[in-house]
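Okay, structure first, notes after.
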Amino acid sequence: MPQVAWLFLVYTTNPPKRRSNLSYTVIARRWRPQRFDDVVGQPHIITTLKNSIKAGRIAHAFLFTGPRGVGKTSLARILAKAVNCVNGPTAEPCNVCENCVGIASGNFVDVIEIDAASTRGIDDIKELRETVRYLPMKAAYKVYILDEAHMLTDQARNAFLKTLEEPPGHNIFILATTELQKIPYTIMSRCQRFDFRRITEKEIVEQLKAICKKDGITFDEGAFHHVAVEADGSMRDAESILEQIIAYSGQHISEGDVINIIGVVEKEVIHRIVRSVLTKDLKDGLSAIETTLGEGYDVNQVYRGLVSYLRNMMIVKAVGGLPDFITMGEDEYKALSALIADVEYYEVQNMLYYMLRSEDLMRGLFPRIALETLYINLYNLSQIRDVEKVIGELERGEPQASRAGERIQKAGYREQDTGSRERDTGDGRQEAEGDVSHAPTAPSREENASATGGSQAGEGAHGFVEYLKKKKPFLGSMFDSCECSVEGDDLTVLVDKKYGNFIKSEFEEVRRLTSEFFGRAMNVEFRDAGDRKKNILEEYVKEADSLFNL
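With the numbering used here, the residue at position 150 of the sequence shown is 152, and numbering never jumps.
Shown next as C-alpha cells:
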C-alpha cells in the first residue's frame, strides 16, 4: 500500500479529538438576560418599557445611562427583540422565532450595534445618515444600538442631531453611556432617558446563587457577600469574578476560596481590629494589623475593610437593626450587634468620619505607617467622649463628665511643655505655669439642682435621654447633645441649632415617648440654646486639640 494512502487510512480511522473548551461560553454571556423579567435591579425601567410597548407608544430614540455592567446593552437587545418579534411588538419577546434568535446571537441584519469608541468620526455618522433611509429587510423596525455614545466627537454629534430628531418612522435609536455628563443637552432632549441604578449587594448575591444552582455548583452561605462588595453594583463584574472562583474551586465554592481569589481581609480580622479600639486594647489591634500585612495582604485592603465595617456598624446602630441593603450573615450580625451594644452612635460616626477624611494618607509613600497611625488615632478618639455630651453632663453636674476629664489626663500621649515655668504658691509647694491645660470643672450638684428644679428632676431628664436612645438611637444621640430639664409635668429641651430642625420635626414622637417614660402626659417645650455653653466648649476643644492633631 502506498505510504500516502496508508496515512490517509490511519487519519480517517482515528481522527484527532477536537477540543471541547473552544466552544465554552463564559457565564456573563451564557446567563445574559433574554427577557425583560430576567433583568436584575431595574424594575422602574422594565415597567415603563413594557407599558410603552403595550400601548403602542414606542419612542424613536432612547438614552440608557448608568454604571458599567448593570444591563444597558442587554436591555437594548431585549427591546430590539420585543419590537421586532414576529408576534410583536410584544411586551415579552418569544426568543424562539427567527428574528429573536438572530438578534440574541448578534447576526440580525436589521439590528446594528455600533461601538462609538471606535466608530466616532463625522464620516461614520454621515454613512449612518445614508443607511437610515432604507427600509428594514426582515423586521418591522431597524434598530441602531450606539454603545459608549459619549465617545462621539463634537462634529459627529452635531451631524447626528437632525437624524436623531426626525428619523424615518422605521428607525429606533438606542444610545448607551456610562458618562452622562459628556452627552450634550441637545441630544438628551431628543431621547427618552432611562437612568440605570447600581445593583444592590443582595440582588447580586441572589443572582449568583441562582446561577450556581442551575450549573450544579454548591457553595457556602456567606461566600458571595465578598463578591457583591467587590463588584460594586456591577452584575457583569460579579459574574466575571464568579468565573474565576469556579475555575479555582471546582464544584463547591467555600468562603475561604472567595477570600483567596478576591484578596479581601477576613471579617474576623477586621472585627478584631475594631474591637481592640472599643475595648482599649492597643497591643492586640496593632498585632492583628501586623499579622495581616505579614500574610501578604495589601495595606489598602485593610483600610477598605475597616471603612466598610465601620459603615455597617454606623447604619446598624442608627436604624436599630439590619436593613435590607446590607448583606450580612447571621453570625456576623450577632458579633457586630454585641460589639456596638455599649457604644454610642456618635463614637462610631466619629471613627468612620476620621477614616474617610484620612484617605489621602493611604496614597502616600509610606502606606503601612499611615495605616498604623490611623489606627492609633482611632484608639485616641475612643479615649474622649463627644464634646456636646460632656458639656451636657458638666451642666447637669454628672460624675461621668469628671471621669471623662480624668481619662483625657491619663491618656499619656504628650508630655508637659519643657519650657513651662514653676511658681511658688507660698506654702512651700511649687506649681507649674505655662502651657498646662486642665479639664473643665463641673458645677456642683447643688448648683445644678437649682438650675433644673432639683436633683431628682435632673436625674429624670437624664433617664429619659437614655430611654430615648434605646427607642430611637439616632434621635437619642441628638438629645444627648442637648440640655434637658424636668419641672413637674414640663420637659424643657435646649436645642442646638445644628439639630434644631430635625428635633423639632419629631415633636409628636418626643411627646409620646415622654408620656411613655414618665407614666403621665408631659408638656414638651423646645428652646434654642444660648451662649451658655460657649466658655465650656472653648476650654474643652482646646484640651482635645492639645491631645490630638485632628
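All C-beta atoms in this analysis are idealised placements derived from N, C-alpha and C, irrespective of residue type, glycine included.
Every value quoted in this text rests on a predicted model; they were computed, and no experiment measured them.
{"Asked": "With 16 other Cβ atoms within 10 Å as the buried cut-off, status of residue 557", "Found": "With the chain covering 3 to 552 only, the question about residue 557 has no answer from this structure."}
{"Asked": "Length of the line joining the Cα atoms of residue 277 and residue 492", "Found": "41 Å"}
{"Asked": "Backbone CA spacing between residue 107 and residue 73 [nearest angstrom]", "Found": "17 Å"}
{"Asked": "For residue 314, the nearest candidate out of 329, 302 and 163 (CA to CA)", "Found": "329"}
{"Asked": "Terminal residues of the alpha helix (DSSP H) in which residue 86 lies", "Found": "74 to 86"}
{"Asked": "Per-residue DSSP class, three states only, for residue 255", "Found": "strand"}
{"Asked": "Rounded Cβ spacing between residue 68 and residue 195 (contact assumed at less than 8 Å)", "Found": "Their Cβ separation, rounded to whole angstroms, is 11 Å, which puts residue 68 and residue 195 out of contact at 8 Å."}
{"Asked": "Sequence-distant residues of its chain with Cβ nearer than 6 Å to residue 275 (five each side left out)", "Found": "287 and 290"}
{"Asked": "Top-ranked residue by Cα proximity to residue 263, from 366, 229, 163 and 160", "Found": "229"}
{"Asked": "DSSP three-state assignment for residue 297, whether helix, strand or coil", "Found": "coil"}
{"Asked": "Among 37, 223, 57 and 47, the one whose alpha carbon lies nearest that of residue 66", "Found": "47"}
{"Asked": "Residue 486 - partner residues in DSSP beta bridges", "Found": "495"}
{"Asked": "C-beta atoms of residue 305 and residue 373 nearer than 9 Å", "Found": "yes"}
{"Asked": "7 Å CB neighbourhood of residue 429 in its chain, flanking five on each side removed", "Found": "Residue confidence is low: residue 429 scores 47 on pLDDT, short of 50, so the model does not pin down where it sits. No coordinate-derived value is stated."}
{"Asked": "Between the CA atoms of residue 211 and residue 32 - distance to the nearest angstrom", "Found": "15 Å"}
{"Asked": "Chain-order list of residues whose beta-carbon lies under 7 Å from that of residue 127 (same chain, five-residue window excluded)", "Found": "158, 161 and 162"}
{"Asked": "Cβ-Cβ distance between residue 53 and residue 143 below 9 Å", "Found": "no"}
{"Asked": "Segment contact flag, the segment 346 to 362 with the segment 236 to 255, C-beta cutoff 8 Å, min 3 pairs", "Found": "no"}
{"Asked": "Burial state of residue 382 (16 or more Cβ within 10 Å)", "Found": "buried"}
{"Asked": "Burial state of residue 483 (16 or more Cβ within 10 Å)", "Found": "buried"}
{"Asked": "Counterpart residues of residue 175 in DSSP-defined beta bridges", "Found": "63 and 146"}
{"Asked": "Assigned secondary structure, residue 512 (DSSP; H/G/I helix, E/B strand, else coil)", "Found": "helix"}
{"Asked": "Per-residue DSSP class, three states only, for residue 121", "Found": "coil"}
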